[in-house]
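Numbering (the working numbering), first residue to last: 1459 to 1703. Quick reminder that beta carbons are idealized off the backbone N, C-alpha and C, glycines included. Data block below; observations after.
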Amino acid sequence: MFPGIGTVINIFTIIGGASFGVFIGAKMPARTRVLLTDVLGLATILAAAGAVASLWSKRYISALPTGWSLLTVLGALLIGGFIGSAAKLEDRLDGIGERLRIRFRASHESTFVEGFVSASLLFAIGPLAILGSISDGMSTGIDQLLLKSTLDFFAAMAFAASLGWGVAASALPVGIYQGFWTLVGVGLGSILTGYQIDAMTITGGVLLLGIGLKLLKIKEVAVGNLLPALAVAPLLAWGLHALTR
């Protein structure tokens, strides 16, 4: 095997799951597709709760100054949101999705862009995408990415049943994102300590919550603009950890 094989497998499972979902979705009544999207929204919120649970882990709390466990995540979200808004990341993601929609000749009224953006964020956010890719790059195993690939297959199938081919197109940014972390693993080895991983996981959980609220049509959150928070969180946690020494 070669570094990156885990991401290659992940890409094929996303495309395969989405293709299967589109095939099934065409035979489903509209109310069933809406229900599937609602189920995905609820499942995404459940996944967010699991990620945010690290906020109360002893490893994370003990690594930061007293009372800064929540403030670290808040600070990462605020700084990351400022960076993302200035760079107009949400608009850029929408723009990529729109260009791909035209490329795939999907109608303007279709859910192509929504499927592309929502699936891209869902599949990229989370500790498995980062840790699994780093592990793959270090040639220490692809077990985490195989687990992620299995989960992504069924998620892509459910997403595509209601949101269409945009879900399959999300394999492109996911491949680029995980490919970056694979290169990090190849070049630098393990660069994140446990408490930094926790900070990133919690922040990712908050972003997943935003996706869940959007899928349930409760609140439109510009989650794309918050993506830089995933990079800010471990750096901010590291800086605060240095103050406790």
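Check, Outcome
"Three-way DSSP call (helix, strand, coil) for Thr1689 in this model", "This sequence places Ala at residue 1689; Thr is not what is there. Ala1689 falls in the helix class under three-state DSSP."
"Lys1672: first and last residue of the uninterrupted alpha helix (DSSP H) it sits in", "1652-1673"
"Coarse secondary structure for Val1679, derived from DSSP in three states", "coil"
"Chain-order list of residues whose beta-carbon lies under 7 Å from that of Leu1671 (same chain, five-residue window excluded)", "Lys1677, Val1679"
"Beta carbon of Lys1606 nearer than 8 Å to that of Ala1587", "yes"
"Nearest residue (CA-CA) to Thr1465, options Ile1660, Leu1603, Leu1674, Phe1611", "Leu1603"
"Lys1491, buried or exposed, once every other Cβ within 10 Å from all chains shown has been counted against 16", "Just to set this straight, residue 1491 is Arg in the shown sequence, not Lys. So Arg1491 counts as buried."
"Ile1600 in three-state terms, based on DSSP", "coil"
"Sufficient close CB pairs (3 or more, under 8 Å) joining the segment 1622-1635 to the segment 1567-1579", "yes"
"Burial state of Thr1471 (16 or more Cβ within 10 Å)", "buried"
"Whether Gln1654 touches Ala1614 by CB criterion (8 Å)", "no"
"Alpha carbon of Gly1475 to alpha carbon of Glu1548, nearest angstrom", "25 Å"
"C-alpha distance - Lys1711 paired with Thr1702, whole-angstrom precision", "An answer regarding residue 1711 cannot be provided, because it is not within the stretch 1459 to 1703 covered by the chain."
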